[in-house]
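Scroll down for the structure; my scribbles are underneath it.
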Amino acid sequence: PIIIPPWVFKSIIQGSWVREITDLQYYCGDMTNGSSMAQNDELSYKVWIPEGTYTIYMVAVTDTNHGVTHIEIDTTEVGTMDWYNGSTLRNVVKSIASVNITTSGLKDFDVKLATKNGSASAYNAQIALIWLERTGDST
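Quick note on this note's numbering: the sequence shown kicks off at 1 and runs consecutively.
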């Protein structure tokens, strides 16, 4: 797998992101925008991704004030993950399947809180880990 520790980002596009240390979360912490929790808060990563088809996984917290993460690779949205839940749950794994990378290379990999569930009160995120698993050749 290609592992992306969320605190090893290229840049903060928008928001007040910090690394939160806690023994309750996988990897002993997470990246959170807990002080801003605004629409379009965004982190950007640089990731070498070989050609192929992938599933993108994320470990994070779900809660009443958590938004929807939109994943973009080289400015193309490849999918979303909704982190709203009626109560706090830690170490929740969500995924986006069938992400096609047609050319190997260093990619911009962005995580953006562009939307939220209608029941969510804000655009918070608490991201503990991101990883990609190659599932086959590119299509």
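Positions of the beta carbon are idealized from the N, C-alpha and C atoms, including for glycine.
Given the structure is predicted, the values throughout are model-derived calculations rather than measurements.
Nearest candidate by alpha-carbon position, reference residue i, set the options
| i | options | result |
| --- | --- | --- |
| E20 | I127, L89, G136 | I127 |
| T103 | Q39, D74, Y57 | D74 |
| V100 | L89, P50, L43 | This sequence places Asn at residue 100; Val is not what is there. Answer by Cα proximity: P50. |
| F109 | D30, C28, G79, N33 | G79 |
| A38 | Y123, I130, K94, E77 | Y123 |
| S98 | G52, L129, R90 | G52 |
| P1 | S87, K46, W131, I12 | W131 |
| L113 | A125, L106, V59, S87 | A125 |
| I56 | Q14, S44, M81, L43 | M81 |
| T139 | L129, Y54, S44, G105 | Y54 |
| Y45 | I96, L89, L129 | L129 |
Range of the contiguous beta strand (DSSP E) that encloses residue i
| i | result |
| --- | --- |
| W48 | 41-49 |
| H66 | Run containing H66: none; DSSP gives neither H nor E here. |
| D110 | 105-115 |
| T76 | 76-82 |
| A141 | The structure shown does not extend to residue 141, since the chain spans only 1 to 139, so no value can be given for it. |
| T22 | Premise fails: T22 is in no beta strand (DSSP E) and is neither H nor E. |
| A128 | 126-136 |
| S11 | 11-14 |
Same chain, Cβ closer than 8 Å to residue i, five either side skipped, listed in chain order
| i | result |
| --- | --- |
| Y84 | T62, D63, T64, H66, G67, V68, K116, N117, S119, A120 |
Contact set for residue i: own chain, Cβ-Cβ below 7 Å, skip 5 residues either direction
| i | result |
| --- | --- |
| S16 | N33, S35, S36 |
| G136 | G52, T53 |
Residue i classed as buried or exposed, judged by whether at least 16 other C-beta atoms fall within 10 angstroms
| i | result |
| --- | --- |
| P6 | buried |
| K10 | exposed |
| E77 | exposed |
| S8 | Per the sequence shown, the amino acid found at residue 8 is Val instead of Ser. By the neighbour-count rule (16 or more Cβ atoms within 10 Å), V8 is not buried but exposed. |
| I71 | buried |
| D30 | buried |
| D41 | buried |
| V93 | exposed |
| L106 | exposed |
| I3 | exposed |
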